[in-house]
Amino acid sequence: VRAAQAGAHVLCEKPMATSESDCRRMMTACDDAGVRLMIAYRLHFEPANLEAVKLVTSGRLGDARFFSSDFSYQVKPDNIRTQAGTGGGVLWDIGIYCINAARYLFRAEPTEVAGFVARDADRRFDRGVEPAMSCLLRFGDEQLATFNVSFQAAPTATYRLVGTRGDVCLDQAYEYQGERELVVTIDDRSRTRNFTKSDQFGPELVYFSDCVQRDVEPEPSGEEGLADVRVIEALLRSAHDDRPVRLPPFKRRARPEPGMRLRLPPVREPEPVRADSPVAE
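For the sequence shown, my numbering assigns the number 847 to the initial residue and increments by one for each residue that follows.
Listed below in structure tokens is the structure:
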């Protein structure tokens, strides 16, 4: 908000905020100041994920029916992700990737959600911080998404979308380092495509700069960030109240398209400055 009031265009890391009301405040502040707001969803430009989008939008998989995903790692003790006062919790850090992927592959918004928390005596986590969750999202009457996320499990990062004619599975789907493997099965015939390592952060900057220069609204905009935050809030409410939560209708005007692909060569791993990986060795 302060950046917008100072006249600066805003590129904001996801999650956009930790409440729907704060998301709307940010959007209003940027609109009032006449500046552009983009949320840093790097996978909206990443070739492997956009290939999955292309398979869905082309109709080659038939009608999309269900989505499943797992994303996990062992978090370091005392990391901000384990602390209630710094936006800690597994949905805010990695669950948002699964929610966003389900939304951009189904090309729709969830209408009902249910969340379940797994807890134990792990002392890494503050009271009220969710270390692991399983979630169910209903998209209308014919599409379901399920995902598991954890700060207490071995590293995983994969998703699968199944349609009436075939399915697509992407390994290392959410990671920003290393290669990705995409397996497509259509009419019982499978093929595998490997995607080499690339710079996933540079394309965000190139795209955002272009939007500012051309004075057009970015995709992903603040509306995209809001769409994920409202789902996270509903899932946490569901887990707390031990019941499903229905979501009010939400119209998304734009989604990632195959033509948004931007590939830049991988960069040398930088030397961290007062920064530390959240992943426990």
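Beta carbons are placed, not taken as given, at the ideal position from N, Cα and C, and that holds for glycine.
Residue 1046 carries a coil assignment under DSSP once its states are collapsed to helix, strand and coil. In the pairwise beta carbon analysis, the stretch 920-940 is classified as not touching the stretch 1041-1057: fewer than three pairs are separated by under 8 Å. Shown here, residue 998 sits in a strand according to DSSP, grouped into three states. Straight-line measurement puts the Cα of residue 902 at about 42 Å from the Cα of residue 969. Within the DSSP secondary-structure output, residue 958 pairs in a beta bridge with 984, 1092. Looking at the backbone, the Cα of residue 906 and that of residue 1027 are separated by about 19 Å.
The residue from 917, 973, 988, 856 with its alpha-carbon nearest to that of residue 999 is 917.
Checking the DSSP bridge columns, you'll see residue 915 partnered with 993, 1005. Per DSSP, the beta bridge partners of residue 858 are 885.
The DSSP-derived three-state label of residue 952 is helix. Annotation: residue 1081 is outside any beta strand (DSSP E); the continuous alpha helix (DSSP H) that includes it extends over 1068-1087.
In chain order, 881, 882, 1058 place their CB closer than 6 Å to the CB of residue 855, counting only its own chain and leaving out the 5 sequence neighbours on each side. Only residues of its own chain outside the window of five on either side were considered, and among them 862, 869, 872, 873, 876, 883, 885 have a CB closer than 7 Å to the CB of residue 1068, listed in chain order. Restricting attention to 1056, 961, 898, 919, the CA atom closest to the CA of residue 948 is found in 898. Apart from sequence neighbours up to five positions away, the residues of its chain that approach residue 963 with a beta-carbon distance below 6 Å are 976, 979, 1085, ordered along the chain. If you look at residue 903, you'll find it isn't in any beta strand (DSSP E); it sits in the alpha helix (DSSP H) that goes 893-903. Contact annotation, residue 1056 with residue 1112: C-beta distance approximately 22 Å; criterion of less than 8 Å not satisfied. With contact defined as three or more Cβ pairs closer than 8 Å, the stretch 1011-1026 and the stretch 1069-1085 are not in contact. Between the C-alpha atoms of residue 894 and residue 1070 there is a straight-line separation of about 20 Å. Ranked by Cα distance from residue 1093, the options 986, 891, 922, 911 are led by 986. The beta-bridge partner set that DSSP reports for residue 1036 consists of 1031.
In this structure, the beta-carbon distance from residue 972 to residue 941 does not fall below 9 Å.
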